[in-house]
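First the structure, in the form of structure tokens, and then the observations on it.
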Amino acid sequence: MNKIDTVSDIVLQSKKIVVFTGAGISTESGIPDFRSPGGIWDRFDPNELTYQKFLSSQISREKYWERQKILWPLIAAAKPNPGHCAIAELYRMDKLDCVITQNGDDLHQKSGVPEERVIELHGTFKRAICLECGQKYPGEEVQVRLESGEKVPTCIICGGIMKPDVVSFGQAMPERETREAEKRSATCDLFLVAGSSLVVYPAARMPLIAKNNGAKLVIINLTPTPHDRYADIVINGQTGEVLSQIVEQVKAKSKK
Ligand SMILES: [Zn+2]
0 MNKIDTVSDI
10 VLQSKKIVVF
20 TGAGISTESG
30 IPDFRSPGGI
40 WDRFDPNELT
50 YQKFLSSQIS
60 REKYWERQKI
70 LWPLIAAAKP
80 NPGHCAIAEL
90 YRMDKLDCVI
100 TQNGDDLHQK
110 SGVPEERVIE
120 LHGTFKRAIC
130 LECGQKYPGE
140 EVQVRLESGE
150 KVPTCIICGG
160 IMKPDVVSFG
170 QAMPERETRE
180 AEKRSATCDL
190 FLVAGSSLVV
200 YPAARMPLIA
210 KNNGAKLVII
220 NLTPTPHDRY
230 ADIVINGQTG
240 EVLSQIVEQV
250 KAKSKK
């Protein structure tokens, strides 16, 4: 019995699956993983774009918004790939409890998983937020301002500093989402990691919470992760390909 076969059996037996996704699932849709170097993104070193620097330095804010300006068209045009679609299929089969994602690219929602089933642990690029008054602005609206020459947009209501509503290095994780993710991880029967190297804490704690509460743990990632030894099954491969194969088998077996 191969691993795909085994995982499809586990999925069939599961009723409350939590899928945990990271940058690895979205690179197949053309969204860059900022922690892997390459091309124009090398100009935007995450260590230079920490939350502390964003708050304290105008130059850092300009750089951050310059990245957002280049990134926005990619996010707006990105389409879900077979990995996202396979997860949406689990939702339609009534197997999915929720998706916990480290990505802020909206691709799970675009693939058909309802908004309320997606927990965005690191926020989202699709809107900006005023750090003073909390007012939120849609990404496309801010993009218009950036393209008309604003280097660092400020809040229209209070004049405060605005930031893409995504968690930067050094910035606290959103409380409500973190609590919700921990709760869902503790009560699922299968925790399926797809495209995360599980190195960013506290996000990487979730699979351990699941495992400690009796869930099965399956990890699908291109490269090994520090949590592989706790997993029931580890598959090293492209998430799009692996997830679609698993879901295809689940469908075939459930027809029998
Ligand atoms: Zn404001």
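For the sequence shown, position 43 (counting from the first letter as 1) is numbered 42 according to numbering that gives the first Met the number 0, and the numbering increases by one without interruption. Quick reminder that beta carbons are idealized off the backbone N, C-alpha and C, glycines included. In this text, all values refer to a predicted model and were calculated from it rather than measured experimentally.
Asked, Found
"The region 55 to 65 in contact with the region 128 to 137 per 3-pair CB rule at 8 Å", "no"
"8 Å contact criterion, which CYS187 and VAL17 should meet: CB distance rounded", "4 Å"
"Inter-stretch contact (C-beta, 8 Å, three-pair minimum) for the region 42 to 51 and the region 205 to 216", "no"
"Helix, strand or coil at LYS14 according to DSSP, with G and I counted as helix", "coil"
"Buried/exposed call for VAL143, threshold 16 Cβ in 10 Å", "exposed"
"CB contact flag (SER13, LEU189, <7 Å)", "yes"
"Residues bridged to PHE19 (per DSSP)", "ILE99 and VAL192"
"First through last residue of the alpha helix (DSSP H) which encompasses ILE156", "Where ILE156 is concerned, there is no enclosing alpha helix (DSSP H), given that its DSSP letter is neither H nor E."
"Separation of LYS2 from GLU181, as counted between CA atoms", "27 Å"
"Per-residue burial, THR222 [other beta carbons within 10 Å of its own, 16 or more giving buried]", "exposed"
"Local Cβ density within 10 Å of GLY23, reported as buried at 16 or more and exposed below that", "buried"
"Bridge partners - LEU216, DSSP secondary structure assignment", "PHE190"
"GLU131 Cβ short of 6 Å to ligand 1 heavy atom set", "yes"
"Contacts around SER28, its chain only, beta-carbon distance under 8 Å, and the 5 residues preceding and following it disregarded", "ALA77, LYS78, PRO79, ASN80, HIS83, ASP104 and LEU106"
"Span of the beta strand (DSSP E), counted from its first residue to its last, around MET161", "161 to 165"
"Contact set for ALA230: own chain, Cβ-Cβ below 7 Å, skip 5 residues either direction", "LEU216, VAL217 and ILE218"
"Pairwise C-alpha distance: ILE156 and LEU207", "42 Å"
"Exposed unless 16 or more other CB atoms sit within 10 angstroms - verdict on ILE30", "buried"
"Rounded C-alpha distance that separates LYS210 from TRP64", "39 Å"
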